[in-house]
Amino acid sequence: MKVYISLAIMACCSVVLYSGCTSDKLPEPMIAGTCTDTIPAYDPQIRQIIEETCAYSGCHLDGTAPGVYDSYQGLLPNIESGALRTRVLQLKDDPNQGMPPDYAPEGRPKDLTQEQLDLIECWLDSGYPE
Amino acid sequence: MKNIPIFVVLFLFCCAIPALAQEGGTQTFKDSRLVNIQSVETLSKRRLDVRIGHRFGDLLGDNGGWSTFYGLEQATDVMIGAEYGATDKLTLGFFRTKGAGALPDGQAGLRQVLNGTVKYALLQQSKGGAPVSLTFWGVAAASTAERIADNPDIIRNFSSFSHRMAYHGQLMIASRLSDRIALQLTPGYTHRNVVAFQDENGLFSLGLGTRLQLSRVFGIIADVTLPFSDYRTSENGFYPALGLGLEIDSGGHLFQLNFTNATGIMETDFIPYTTSNWLDGEFRFGFTISRLFNL
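As you go down the protein sequences, you meet chains A and B in turn.
As numbered in the working numbering, residues 16 to 145 make up the first sequence, in order.
As numbered in the working numbering, residues 28 to 322 make up the second sequence, in order.
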């Protein structure tokens with residue numbers, strides 16, 4: 016009897032699992048016009064820029080500035096709100112609003128290089144892959 | 028619809044086996060898991076196994092070394108949950124994992140995952156009886172991560188609820204060859220409801236595992252999982268998940284210290300998404316703590 020109960024449970028599970036099955040594929044990502052070559056990912060390309068220029072003690076790491084940029088998840092809210100694009104790309108020449116700011120501590124960059132800016136723009140335009 | 032034959036074959040196979048099962052068998056492994064893969068062991072009736080698993084960051088390589096204190100500053104994947112022995116043969120489990128897998132181009136797999144598991148002992152090795160133990164294990168994984176609706180090119184777009192789901196089923200064939208050595212063969216099938224455009228939804232794999240008993244307390248465990256796929260080659264940035272560990276049985280608690288190149292802990296994560304290479308130093312330290320309770 017127990018065998019039949021077990022088989023009935025397994026049959027039900029199989030039906031439930033199968034009914035929830037799909038075999039979908041994502042569309043092929045379009046390489047954004049702002050990209051010159053391949054699409055960068057958060058890890059490692061963008062993470063390296065963030066760690067060097069944003070995620071350090073006294074800035075976006077320990078709660079001094081909004082957001083804890085120690086991971087993709089930590090960065091995500093400010094990507095989705097548009098704050099990252101605005102502060103890093105659009106306001107980059109503003110000494111206080113543009114990130115990184117001109118008051119960044121000694122030894123930390125006060126501006127991103129053009130190559131870094133291009134990489135971030137391409138990454139954001141391509142859907143900021145992790 | 029092409030998945031129907033797989034489910035039918037698995038179901039019929041499961042139907043046929045209980046008639047062969049015998050009571051009073053041999054314990055093949057000490058724990059329900061080796062390093063990455065499950066073992067044939069099920070829990071006794073009314074036993075609860077609370078488990079915590081952790082994988083740190085890369086020990087060496089570009090993302091490891093001194094700057095991350097050899098990976099100890101990073102939590103690549105974390106699993107917490109429990110399994111319960113509904114009967115001596117049927118074990119049901121529920122686990123939460125962080126999720127860690129990603130394709131070589133950065134496309135992330137499922138994150139913040141709830142995993143429901145079922146394990147059923149179909150046949151147990153015994154003296155004068157079956158030469159092997161045979162167990163089925165399956166997991167249904169569902170991501171609870173927040174949807175990123177404005178980006179249709181990533182898995183986390185979750186345009187339908189089913190895209191949050193992934194499944195894995197496997198048969199485990201194991202034998203205790205002597206008092207000290209046990210071997211296990213694990214054919215499996217993983218299905219992800221949505222994948223990147225160049226990827227494949229269904230994936231067959233074969234796992235091999237072994238355990239060597241060193242003393243009453245210590246044992247060495249090792250396993251490797253090989254996906255069968257034209258896409259998952261080292262040229263494309265994929266590597267077999269290979270784990271090596273030390274098992275410590277303190278009586279009541281079971282500790283496992285391990286090293287593996289897999290980032291994810293669950294099968295739906297580490298089988299399709301292992302892109303770290305041992306030879307590049309991209310392996311990590313991890314541990315599992317298991318505590319058994321009698322309810």
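Backbone N, C-alpha and C fix where the C-beta goes; we use that ideal spot for every residue, glycine too.
As the structure is a computational prediction, the values presented were derived from the model and not from experiment.
Query                                                                                                                        : Result
The region 190-219 of chain B: positions lying closer than 8 Å to chain A by Cβ                                              : His190, Met192, Tyr194, His218
Gln54(B) (DSSP reduced to helix, strand or coil)                                                                             : coil
Pairwise C-alpha distance: Phe297(B) and Arg102(A)                                                                           : 37 Å
Check whether Val105(B) and Thr124(B) have beta carbons under 9 Å apart                                                      : yes
Within-9 Å CB hit, Leu90(A) to chain B                                                                                       : no
Contact with chain B by Leu41(A), beta-carbon distance below 9 Å                                                             : yes
C-alpha gap between Ala209(B) and Gly291(B), whole angstroms                                                                 : 25 Å
Reference Arg219(B), options Leu322(B), Glu227(B), Ser66(B), closest by Cα                                                   : Glu227(B)
Three or more C-beta pairs below 8 Å linking the region 130-137 of chain B and the region 84-104 of chain B                  : no
Closest by C-alpha distance to Lys116(B), when choosing among Gly128(B), Ile248(B), Gln151(B), Pro131(B)                     : Gln151(B)
Ser317(B) (DSSP reduced to helix, strand or coil)                                                                            : strand
Arg64(A) at chain B interface by Cβ criterion, 9 Å                                                                           : What sits at residue 64(A) in the sequence shown is Ile, not Arg. Answer no: the Cβ-Cβ gap between Ile64(A) and chain B never drops below 9 Å.
Option in Ile79(B), Thr55(B), Val67(B) with minimal Cα separation from Leu281(B)                                             : Ile79(B)
Closer than 9 Å to chain B by CB, Pro59(A)                                                                                   : yes
Inter-residue Cα distance where the pair is Ala80(A) and Tyr300(B)                                                           : 34 Å
Start-to-end residues for the alpha helix (DSSP H) that takes in Asn93(A)                                                    : 87-95
Listed by chain order, chain B residues near Ala23(A) by CB distance under 7 Å                                               : Here the premise fails: no neighbours, minimum Cβ distance about 11 Å.
Status (buried if at least 16 other CB within 10 Å, exposed otherwise) for Leu39(B)                                          : Any answer about Leu39(B) is weak, because its pLDDT of 45 lies below 50 and its placement is not dependable; what the coordinates show is given next. Flag for Leu39(B) reads exposed.
Assigned secondary structure, Tyr216(B) (DSSP; H/G/I helix, E/B strand, else coil)                                           : strand
Beta carbon proximity, Tyr84(A) to chain B, threshold 9 Å                                                                    : no
Limits of the alpha helix (DSSP H) - the one that Arg207(B) falls within                                                     : From DSSP, Arg207(B) is part of no alpha helix (DSSP H); its letter is neither H nor E.
Beta-carbon spacing of Asp85(B), Pro144(A) below 9 Å                                                                         : no
Within 9 Å of chain A by C-beta, residues of the region 176-187 of chain B in sequence order                                 : Asp177, Asn178, Pro179, Asp180, Ile181, Ile182, Arg183, Asn184, Ser186, Ser187
Pairwise C-alpha distance: Asp276(B) and Arg243(B)                                                                           : 8 Å
Under the three-state DSSP convention, the category Glu136(A) falls into                                                     : helix
Cut-off 8 Å between Cβ atoms - residues of its own chain near Thr69(B), not counting five sequence neighbours on either side : Ser59, Gly112, Asp115, Lys116, Leu117, Thr118, Lys146, Tyr147, Ala148, Thr162
Pairwise C-alpha distance: Phe245(B) and Glu274(B)                                                                           : 6 Å
Chain-ordered chain B contacts of Ser96(A) [CB-CB under 9 Å]                                                                 : Neighbours of Ser96(A) on chain B: none; closest Cβ ~12 Å, over 9 Å.
Closest Cα partner of Met114(A) within the set Gly122(A), Asp126(A), Gly97(A)                                                : Asp126(A)
Residues of the region 112-139 of chain A with Cβ closer than 7 Å to any Cβ of chain B, in chain order                       : none
Nearest-angstrom Cα separation, counted from Gln105(A) out to Thr252(B)                                                      : 47 Å
Distance CB(Arg238(B))-CB(Phe96(B)) smaller than 9 Å                                                                         : no
Contact list for Gly48(A) against chain B, beta-carbon separation under 7 Å                                                  : Ordered by position in chain B, no residue passes the 7 Å Cβ test against Gly48(A), which lies about 15 Å from the chain.
Gly313(B) beta carbon less than 9 Å from that of Leu61(B)                                                                    : no
Backbone CA spacing between Gly35(A) and Gln112(A) [nearest angstrom]                                                        : 48 Å
Asn178(B) beta carbon less than 9 Å from that of Gly78(A)                                                                    : no
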